[in-house]
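**Q**
Chains as they are written, first to last, in the working numbering: chain A, 1 to 86; chain B, 1001 to 1530.
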């Protein structure tokens, strides 16, 4: 298992447009992935799970991967969030 | 042209004609351009494939080259087709320098896109450089409205309008809509800008949404058409996909709280009911499956459900959708219709309201009968045969060469709707060669069917009327040929029993023979069945 924490800097958080791109990115990886903060947990491969989680600006989330490509998956998703500016 | 004028008028764009100049499209420049970009997106497959050539040419190629240089300089990659479409609008830039202003110009001039627009198009007036910059920014445009300061009130009104359009369409009030309103308001605070300027943007999950959530996508699309007329901006299908995501996320979040329609799924023993129910629930979040049953168990279920979705033909007088286990596009359409019918035809309101309004005009002794007729009109069960045999399945022809061609022609509607594979037609012909006499019932009608050797996808019936008749092996002319396909042995007897109703008397066959085209035959068939 491999995980990283990342803070959402984008002023609009993870809204529908980047959420769709994020899900497309997550779907490329084989490992199981979760995003969590406080008591909330969601599946980054499901747009509905992602949008239901209300990932807003300023939030520090933990991206966790479990599987063969866990490291590259978590690093890629973390980079997407840290570079998001729209 | 009238329809085109009306559609354009929704967006305050006017289509007019004069003998001197021909057709012209007038209106505010930005409105004209957003409508142009909307229709270019719809027509793009024809343009890309070279079928429509009015928008391409030397000037278009020159613009495309410049835009690709801008793409390299910006170090980003535009989705396929985006630069092509922007190149088409570039041909019209600079036509009227002072006709419009771009919102938030102060923010736009700070962008790299604005710098590139000025570098590669130095001849353009300022407002056109800004317009081109906005097109290049597309969906990446920054959050330039005051979401940060919490000023969402304008967009809340838009969000509530859209929700109201959806609620009117499905005749259902969405519960717990505060969160949905907020999410839509935030989305619209960015997307209204895209609608206004006709910006090209893509939903990364558009193909998944339009296939896996097709039912909800189609409903949202209809609601958005109404919404776009109200706000005066066209909204393309990618944007509809985004909005569908929000609605579906809302239903997903509120899966136990919304006013869902309770569905009983009826299947045969061999089918995987739970997998099919899950597939349907994912596609149609407004439905909630309360359980599965065999056809024989339907009555015992009592009143625990609102509607039935069945892969089997039923003896059932309520609202039900007869689908195949493959859940293809025809099945999904039937489920949408079932849902809308349920929501629209409320037993407590439509029929009774109509009766109460006309009651004062009816003699007292006739009121009971009239009320019965109204109820039958609104809630008459659809006979099973009409579920199996639709308008496209009924054909009329003057003559056919031989009985084999007659079978092929009669079976063609079932092939065209993917109910059968081509091999089933071979099976039918073989059946007649082996057992022909069993299928002839003596009154100029012939019923053909064969075993399901994996060549039948869904049960169906088709019918062909041959004016001049065709001789089968019995050497008696056959004028009505009925083809039956049944998905399994259990269903087969039910389907055959239904099909026989079509020609079990001379009067019925005579009525069909008086017809002269497909439509007349269908109307007669419908009358026979009802």
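Even glycine gets a Cβ: it sits at the ideal position worked out from N, Cα and C.
(1) How would you write the range of the alpha helix (DSSP H) that residue 1040 of chain B sits in, first residue to last?
(2) Determine the closest residue to residue 1185 of chain B out of B:1204, B:1195, B:1209, B:1159, with distance taken between C-alpha atoms.
(3) Who pairs with residue 1014 of chain B in a beta bridge, going by DSSP?
(4) I want to know whether the segment 1400 to 1408 of chain B touches the segment 1469 to 1480 of chain B - three or more CB-CB distances under 8 Å.
(5) Out of B:1504, B:1426, B:1318, state which residue places its alpha-carbon closest to the alpha-carbon of residue 1454 of chain B.
(6) Could you give the uninterrupted runs of the beta strand (DSSP E) lying entirely in the segment 1277 to 1318 of chain B, keeping only those of 3 residues or more?
(7) Nearest to residue 1531 of chain B by CA position, among B:1355, B:1364, B:1389, B:1522, is which residue?
(8) Alpha carbon to alpha carbon, what distance is there between residue 1320 of chain B and residue 1503 of chain B?
(9) From the DSSP secondary-structure annotation, give me the bridge partner or partners of residue 1092 of chain B.
(10) Take residue 1237 of chain B and list the residues in its own chain whose beta-carbon comes closer than 6 Å to its own, dropping the five residues that flank it on each side.
(11) How about residue 1017 of chain B: is its C-beta nearer than 8 Å to some C-beta of chain A?
(12) For a cutoff of 8 Å on Cβ pairs, would you count residue 77 of chain A as touching chain B?
(13) Can the beta-carbon of residue 1195 of chain B be found less than 8 Å from the beta-carbon of residue 1034 of chain B?
(14) Excluding the five sequence neighbours on either side, which residues of its own chain have a C-beta within less than 7 Å of the C-beta of residue 1068 of chain B, listed in chain order?
(15) Can you round the beta-carbon distance between residue 72 of chain A and residue 8 of chain A to whole angstroms, since I take them to be within the 8 Å contact cut?
(16) Are any of the Cβ atoms in chain B nearer than 8 Å to that of residue 21 of chain A?
(17) Given a limit of 8 Å on CB to CB distance, which residues of the segment 1 to 22 of chain A reach chain B?
(18) Using only CA atoms, which one of B:1420, B:1227, B:1059 lies nearest to residue 1324 of chain B?
(19) I believe residue 1263 of chain B touches residue 1287 of chain B by the beta-carbon criterion, under 8 Å. Please report the beta-carbon distance rounded to the nearest angstrom.
(20) Please determine, among B:1338, B:1330, B:1326, the residue with the shortest C-alpha to C-alpha distance to residue 1318 of chain B.
(21) Are the CB atoms of residue 1281 of chain B and residue 1212 of chain B nearer to each other than 8 Å?
(22) Considering residue 1101 of chain B, what are the terminal residues of the beta strand (DSSP E) in which it resides?
(23) By the three-class DSSP mapping on this structure, what secondary structure does residue 1400 of chain B have?
(24) Which residues share a DSSP beta bridge with residue 1417 of chain B?
(25) Report yes if the CB atom of residue 1246 of chain B is closer than 8 Å to the CB atom of residue 1180 of chain B, and no otherwise.
(26) Under a Cβ-count criterion, where at least 16 other Cβ atoms within 10 Å of its own Cβ denotes burial, should residue 1017 of chain B be classed as buried or exposed?
(27) Classify residue 40 of chain A: buried if its beta carbon has 16 or more other beta carbons within 10 angstroms, exposed otherwise.
(28) Residue 70 of chain A to residue 23 of chain A, Cα distance in whole Å?
(29) Grab the span of the alpha helix (DSSP H) containing residue 1114 of chain B for me, first residue to last.
(30) Within the 8 Å Cβ cut-off, does residue 1242 of chain B reach chain A?
(31) Starting from the beta carbon of residue 51 of chain A, find every residue of chain B whose beta carbon is closer than 8 Å, and list them in chain order.
(32) Using a beta-carbon distance below 8 Å, is residue 45 of chain A in contact with chain B?
(33) According to DSSP, is residue 49 of chain A helix, strand or coil?
(34) Report the neighbours of residue 1187 of chain B on chain E: residues whose CB is nearer than 8 Å to its CB, in chain order.
(35) Among all the DSSP beta bridges, which residues are the ones paired with residue 1107 of chain B?
(36) Tell me whether residue 1147 of chain B sits in a helix, a strand or coil according to DSSP, three-state version.
**A** Looking at the atomic coordinates:
(1) Locating residue 1040 of chain B in the second chain gives position 40, counting from the first residue. Note, residue 1040 of chain B: alpha helix (DSSP H), 1029 to 1048.
(2) The residue you call residue 1185 of chain B lines up with position 185 of the second chain. The option with the nearest alpha carbon to residue 1185 of chain B is B:1159.
(3) Stepping through the second chain from its first residue, residue 1014 of chain B is reached at position 14. Answer is B:1026, bridged to residue 1014 of chain B.
(4) yes
(5) Within the second chain, the letter at position 454 stands for residue 1454 of chain B. The residue with the shortest Cα to Cα distance from residue 1454 of chain B is B:1426.
(6) Every beta strand (DSSP E) stretch that sits fully inside the segment 1277 to 1318 of chain B and reaches 3 residues is listed by chain position as 1287 to 1293, 1307 to 1310.
(7) Residue 1531 of chain B lies beyond the range of chain B shown here (1001 to 1530); nothing can be said about it.
(8) Indexing the second chain from 1 puts residue 1503 of chain B at position 503. Indexing the second chain from 1 puts residue 1320 of chain B at position 320. One C-alpha to the other measures close to 26 Å.
(9) For the purposes of this step, residue 1092 of chain B is identified with residue 92 of the second chain, where counting begins at 1. Bridge partners of residue 1092 of chain B: none, in fact.
(10) Position 237 of the second chain, counting from 1, holds the residue named residue 1237 of chain B. Closer than 6 Å at the Cβ level, and outside the excluded window around residue 1237 of chain B, lies no residue.
(11) Counting from one through the second chain, the residue named residue 1017 of chain B turns up at place 17. Taking Cβ atoms only, chain A never reaches closer than 8 Å to residue 1017 of chain B, which makes this a no.
(12) As a working mapping, residue 77 of chain A is identified with position 77 in the first chain. No, no contact with chain B.
(13) The residue you call residue 1195 of chain B lines up with position 195 of the second chain. The residue you call residue 1034 of chain B lines up with position 34 of the second chain. Their beta carbons are under 8 Å apart, which means residue 1195 of chain B touches residue 1034 of chain B by this criterion.
(14) As a working note, residue 1068 of chain B is residue 68 in the second chain. The answer, listed in chain order, is 1083.
(15) Translated into positions along the first chain, residue 72 of chain A becomes position 72. Translated into positions along the first chain, residue 8 of chain A becomes position 8. 21 Å between Cβ atoms; not a contact.
(16) As a position in the first chain, residue 21 of chain A is number 21, starting the count at 1. Taking 8 Å as the CB threshold, residue 21 of chain A lines the interface with chain B.
(17) 11, 12, 15, 16, 17, 19, 20, 21
(18) Along the second chain, one-based indexing puts residue 1324 of chain B at 324. Measuring from the Cα of residue 1324 of chain B, the nearest candidate turns out to be B:1420.
(19) The count along the second chain starts at 1 and reaches residue 1263 of chain B at position 263. The count along the second chain starts at 1 and reaches residue 1287 of chain B at position 287. Right, their Cβ atoms sit about 5 Å apart.
(20) As a first step, residue 1318 of chain B must be located in the second chain, where it is residue number 318. With distances taken between Cα atoms, residue 1318 of chain B lies closest to B:1338.
(21) In the second chain, residue 1281 of chain B corresponds to position 281, counting from 1. In the second chain, residue 1212 of chain B corresponds to position 212, counting from 1. Going by C-beta atoms, residue 1281 of chain B is not nearer than 8 Å to residue 1212 of chain B.
(22) Numbered from 1 along the second chain, position 101 holds the residue referred to as residue 1101 of chain B. Neither: residue 1101 of chain B is in no beta strand (DSSP E) and is coded neither H nor E.
(23) On the second chain, residue 1400 of chain B is found 400 positions in, with the first residue counted as 1. Correct three-state label for residue 1400 of chain B: coil.
(24) As a first step, residue 1417 of chain B must be located in the second chain, where it is residue number 417. For residue 1417 of chain B, which the question treats as bridged, DSSP gives no partner whatsoever.
(25) In the second chain, residue 1246 of chain B corresponds to position 246, counting from 1. In the second chain, residue 1180 of chain B corresponds to position 180, counting from 1. Contact flag set, yes.
(26) One-based indexing of the second chain puts residue 1017 of chain B at position 17. Exposed, by the Cβ-count rule.
(27) Locating residue 40 of chain A in the first chain gives position 40, where the first residue counts as 1. Exposed is the call here.
(28) The count along the first chain starts at 1 and reaches residue 70 of chain A at position 70. The count along the first chain starts at 1 and reaches residue 23 of chain A at position 23. Residue 70 of chain A and residue 23 of chain A: Cα-Cα distance of roughly 16 Å.
(29) If you number the second chain from 1, residue 1114 of chain B lands on position 114. Unbroken alpha helix (DSSP H) run through residue 1114 of chain B: 1112 to 1120.
(30) Indexing the second chain from 1 puts residue 1242 of chain B at position 242. It does; some Cβ of chain A falls within 8 Å.
(31) Within the first chain, the letter at position 51 stands for residue 51 of chain A. Near residue 51 of chain A (Cβ distances below 8 Å), the residues of chain B are 1183, 1245, 1246, 1249.
(32) For this step, residue 45 of chain A is matched to residue 45 along the first chain. For residue 45 of chain A, the answer is no, since every Cβ of chain B falls outside 8 Å of its Cβ.
(33) Taking the first residue of the first chain as 1, we reach residue 49 of chain A at position 49. Of the three classes helix, strand and coil, the one that applies to residue 49 of chain A here is helix, per DSSP.
(34) Considering every chain present, this structure includes no chain E. Its protein chains are A and B.
(35) Counting from 1 along the second chain, the entry for residue 1107 of chain B is found at position 107. Paired residue(s): none; residue 1107 of chain B is not in a bridge.
(36) Indexing the second chain from 1 puts residue 1147 of chain B at position 147. Interpretation of residue 1147 of chain B is limited by its pLDDT of 44, a score under 50 that renders its predicted location unreliable; the figure taken from the coordinates is listed afterwards. Residue state, collapsed to three classes: coil.
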